[in-house]
Amino acid sequence: MESAAKVDELYEQYIRRLTPQQKRQLMEKLAHDLALQGEPAGETGCSLLHLVGLGAEIWQAMDAQQYVNALRDEWDHPQ
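Residues in the sequence shown are numbered consecutively from 4, following the numbering used here.
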């Protein structure tokens, strides 16, 4: 039996009949289990490494020290 079909069968046999309160409790238990298990490495589809270099062109013309000085000036003289 395929995984999706098995889930559908479980839902029809057991979950659909639950009260809204019982369904909330089940969702809490499932969410807790998922949080404990976490996502296996490589299955999240997102990595911070994909962000490397993004937006670099924005900072090319900016002098780092000038930028920091401007920020500090804003802190000292908020608008």
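Cβ atoms here follow ideal geometry from the backbone N, Cα and C, with glycine treated the same way.
query	result
Report yes if the CB atom of L33 is closer than 8 Å to the CB atom of L21, and no otherwise.	no
For my contact list, I18 and K26 are in at a C-beta cut-off of 8 Å; report their separation, rounded to the angstrom.	7 Å
Any beta carbon of chain D sitting closer than 8 Å to that of R27?	Absent from the structure is chain D; it holds one protein chain and no more.
For the alpha helix (DSSP H) that contains P23, what are its first and last residues?	23-40
May I ask you to report which of helix, strand or coil DSSP gives H80?	coil
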